[in-house]
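Chains as they are written, first to last, in our numbering: chain X, 1 to 340; chain S, 341 to 680.
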């Protein structure tokens, strides 16, 4: 299976490491052998070789903060779209940065790859939150797969759980803690820190960015809610069609007050149906301490799925991380080409 | 797909209801159409008809506490083994009672069905905990499937999660709350009841049996631990090869003391590897309140899977129930015959 990496940041590197580490198990258990023929990255430069690129060398080169072409192959002069156009790849791995407002340049990469007949695996929330329906139709028409397990809870297999292991169930509601940064901040506030102190801790540990808006205002959770609304409930809405409130309005005293009543504040993303209408929201909610979501502390994520067959099923796991998100792409690759 | 029910108690009836309720979705989404040709039950009697049995009538008849042959079809004179021998079925559904010491009569039913070339779906812990390796080999030799999703956490898709959505991961440890009755008792004891009072409540709500030994001494959890040890880690042990301690030695004061230290007692079943050796145990453990398993209250079950790719993934859900356990058999049936 011939693959190209568009975007070779943390996630792309996480996948590359797993492809090397799991090489023999992938061949033995799934009949899968990967050849990387191109890597395109705006910061690390681009290399292309139809005969195959040595991923170990590529990883070693970026580790030294050198451009890819200085150690891992010949420099490719074109941009990502040119590489997608030129490469004779089976799968395009899209792991550029997420822009939740325009979903670019990822959406253009994905469209071009699908039009060229490639399967697409992405961890980029933008294209799925904004253009899932269009991209999915395009992929169906071209007979290729468009997979994005990593967009909701990183490698924790939420979409696979919803789409496969809950076969023939009706999903009635999905609600969850979809942003680790805000959950970490709320956890520290319950321990006594102020919002500002907790945010500072989150920034120190690398959970929150210097500009924390996308997390604390709920936008990241909103993108994931929109993805679930589209993929699981067939909704057509875009992220800001749904009400969205972050955690900036929650005070330490409100958290303490909730606790005294056996409740805990969580930033909850929720998707449900009213008749044929798909509803969704992101907002702080007081969760009963006896509910599995209440026990999810720190930077962990979790989703509770309400079904007509099993009642509530909750899955708790990491919602971020180099290896975890890289793994989501590996699982999608196995789905595309793996034989059992 | 022609099926026979061996055992038509709560679980078999739960599945029958789902087969009727989901008839159109099963046909439309999975190309599956089921014909029940036989039902054998030691209490409700047996009926057999190669042309097909009306499941609605069968359910209505047992609801009236009448024998199956008085309302749903012609009485079948033979026992379960005779029906398995005679029926030209594609799948045998084994849902008789669990005997964790002998695994009979279920194991004989399963062997006979596999030898006749039928796929087997069961929710019976006995045969899997005691004879998984033998039955699985037999099924492989005959080219049929032997599935048992419902044996660990009822319909909550633990085995499917472990075997499919965590593809290419190495499972390092599995630990969980595998018995709802004991978790309910511990929850009530934390609220202030004595062990005896909590057990009585559990019996009133139907969580615990009059003879609660299998639950409170940990045997039920031990059977599930043994299944996971065999299926996921390739162990050869039988249930009582592993150390097993129940909850009868936990006092209310020990629970309160743990709580004061930020801990909570749970009955934990655990499977892990030491070198090439598979270890397993069932015993009460103090779980840190920040761990997802600590927040699992009441009769709910949960499993935390530690992997080399994702760290810890926890799934929380029902571990019992007519509809939930029936659903586990439906998912296994879809796996056997469903087309997507």
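Heads up, the beta-carbon is just placed ideally off N, CA and C, and yes, glycines get one too.
Nothing here was measured: the structure is a model prediction, and the numbers come from that model.
* To do: Go ahead and label residue 295/X buried or exposed: buried means 16 or more other beta carbons lie within 10 angstroms of its beta carbon, across all protein chains shown.
  => As a working mapping, residue 295/X is identified with position 295 in the first chain. Result: buried.
* **residue 189/X in three-state terms, based on DSSP** => To locate residue 189/X, count along the first chain from 1; it is residue 189. Helix.
* To do: Kindly confirm or deny that the segment 665–680 of chain S and the segment 508–522 of chain S touch, where touching means at least three C-beta pairs closer than 8 Å.
  => no
* residue 341/X at chain S interface by Cβ criterion, 8 Å -> No answer is possible for residue 341/X: the residues shown for chain X start at 1 and end at 340.
* From what residue to what residue does the beta strand (DSSP E) around residue 175/X run? -> Position 175 of the first chain, counted from the first residue, corresponds to residue 175/X. 171–177 is the extent of the beta strand (DSSP E) around residue 175/X.
* To do: Provide the residue span of the beta strand (DSSP E) that contains residue 614/S, from first to last.
  => Indexing the second chain from 1 puts residue 614/S at position 274. Counting along the chain, the beta strand (DSSP E) containing residue 614/S begins and ends at 603–614.
* Spell out the partners DSSP gives residue 618/S in its beta bridges. => By one-based count along the second chain, residue 618/S stands at place 278. For residue 618/S, which the question treats as bridged, DSSP gives the partners 613/S.
* **For residue 433/S, the nearest candidate out of 555/S, 562/S and 349/S (CA to CA)** => Within the second chain, numbered from 1, the residue matching residue 433/S stands at position 93. When each option's Cα is compared against that of residue 433/S, the closest is 349/S.
* chain S contact for residue 160/X (CB, 8 Å cutoff) -> For the purposes of this step, residue 160/X is identified with residue 160 of the first chain, where counting begins at 1. Residue 160/X counts as touching chain S.
* Step through the CB atoms of chain X and report whether any lies within less than 8 Å of the CB of residue 619/S. => On the second chain, residue 619/S is found 279 positions in, with the first residue counted as 1. Not one chain X Cβ lies under 8 Å of residue 619/S.
* Asked: In three-state terms, what does DSSP make of residue 78/X?
  -> As a position in the first chain, residue 78/X is number 78, starting the count at 1. The answer is coil: DSSP assigns residue 78/X none of H, G, I, E or B.
* Asked: Using 8 Å as the limit for Cβ to Cβ distance, is residue 638/S near chain X?
  -> Mapped onto the second chain, residue 638/S falls at position 298. So yes, residue 638/S belongs to the interface.
* **chain S contact residues for residue 317/X, given Cβ-Cβ distances below 8 Å** => The count along the first chain starts at 1 and reaches residue 317/X at position 317. By Cβ distance, chain S contributes 650, 651, 652, 653 and 654.
* Asked: Beta carbon of residue 656/S, beta carbon of residue 645/S: below 8 Å?
  -> Here residue 656/S is taken as the residue at index 316 of the second chain, counted from 1. Here residue 645/S is taken as the residue at index 305 of the second chain, counted from 1. Going by C-beta atoms, residue 656/S is not nearer than 8 Å to residue 645/S.
* So which residues of chain S does residue 294/X contact, with C-beta pairs closer than 8 Å? -> By one-based count along the first chain, residue 294/X stands at place 294. In chain order: 635.
* Asked: Are the segment 66–76 of chain X and the segment 38–45 of chain X touching, with three or more C-beta to C-beta distances below 8 Å?
  -> yes
* To do: For residue 334/X, decide whether its Cβ has a neighbour in chain S, counting only Cβ atoms nearer than 8 Å.
  => Stepping through the first chain from its first residue, residue 334/X is reached at position 334. Cβ-Cβ to chain S under 8 Å: yes for residue 334/X.
* Asked: Between the beta-carbon of residue 222/X and the beta-carbon of residue 271/X, is there less than 8 Å?
  -> Position 222 of the first chain, counted from the first residue, corresponds to residue 222/X. Position 271 of the first chain, counted from the first residue, corresponds to residue 271/X. No, they are not a contact pair.
* So what does DSSP say about residue 88/X, is it helix, strand or coil? -> On the first chain, position 88 is the one that residue 88/X refers to. Coil at residue 88/X, not helix or strand.
* Asked: What three-state label does DSSP hand residue 291/X in the structure shown?
  -> Your numbering for residue 291/X matches position 291 in the first chain. DSSP places residue 291/X in coil when its eight states are reduced to three.
* Interfacial residues, the segment 358–369 of chain S to chain X, with Cβ spacing under 8 Å -> 358, 362, 365, 366 and 369
* Asked: Quick one, which of 204/X, 291/X, 187/X and 224/X has its alpha-carbon nearest residue 251/X's?
  -> Here residue 251/X refers to the residue found at position 251 when the first chain is read from its first residue. Nearest option by C-alpha distance: 187/X.
* In chain order, which continuous runs of the beta strand (DSSP E) of length 3 or greater are located wholly inside the segment 448–504 of chain S? -> 459–462
* Asked: Tell me which same chain residues have a C-beta within less than 7 Å of the C-beta of residue 548/S, skipping the five on either side of it?
  -> Counting from 1 along the second chain, the entry for residue 548/S is found at position 208. For residue 548/S, where only same-chain residues beyond five positions count, the Cβ hits under 7 Å are 521, 539, 542 and 555.
* Identify the continuous alpha helix (DSSP H) that holds residue 555/S and give its terminal residues. => Translated into the one-based positions of the second chain, residue 555/S becomes position 215. Taken as a continuous stretch (DSSP letters only), the alpha helix (DSSP H) holding residue 555/S covers 553–556.
* Asked: Cβ of residue 145/X within 8 Å of Cβ of residue 336/X?
  -> By 1-based counting over the first chain, the position of residue 145/X is 145. By 1-based counting over the first chain, the position of residue 336/X is 336. Contact: yes.
* Can you pull the DSSP bridge partners for residue 419/X? -> Since the first and last residues shown for chain X are 1 and 340, residue 419/X lies out of range.
* Per DSSP, residue 641/S is paired with what? -> Stepping through the second chain from its first residue, residue 641/S is reached at position 301. In DSSP, residue 641/S forms a bridge with 657/S.
* Cα separation between residue 530/S and residue 582/S? -> Looking up residue 530/S in the second chain gives position 190. Looking up residue 582/S in the second chain gives position 242. So the alpha carbons of these two residues sit roughly 28 Å apart.
* **Per-residue burial, residue 353/S [other beta carbons within 10 Å of its own, 16 or more giving buried]** => Sequence index remark: in the second chain, residue 353/S carries index 13 (1-based). That one is buried.
* residue 284/X - partner residues in DSSP beta bridges -> Sequence index remark: in the first chain, residue 284/X carries index 284 (1-based). In the DSSP output, where bridge partners are listed per residue, residue 284/X has 267/X.
* Asked: the segment 162–185 of chain X: which residues have C-beta closer than 9 Å to a C-beta of chain S, in chain order?
  -> 164, 165, 166, 167, 168, 169 and 170
* **Cβ distance (whole Å) where residue 150/X is taken to contact residue 269/X below 8 Å** => Residue mapping note: residue 150/X aligns to position 150 of the first chain, counting from 1. Residue mapping note: residue 269/X aligns to position 269 of the first chain, counting from 1. So it is not a contact: roughly 17 Å between Cβ atoms.
* Between the beta-carbon of residue 641/S and the beta-carbon of residue 615/S, is there less than 8 Å? -> As a working note, residue 641/S is residue 301 in the second chain. As a working note, residue 615/S is residue 275 in the second chain. No.
* Asked: Is the Cβ of residue 433/S closer than 8 Å to any Cβ of chain X?
  -> Taking the second chain and counting its residues from 1, the one referred to as residue 433/S is at position 93. No, residue 433/S does not count as interfacial toward chain X.
* **For residue 46/X, three-class secondary structure by DSSP** => Numbered from its first residue, the first chain carries residue 46/X at position 46. If DSSP states are grouped into helix, strand and coil, residue 46/X belongs with the strands.
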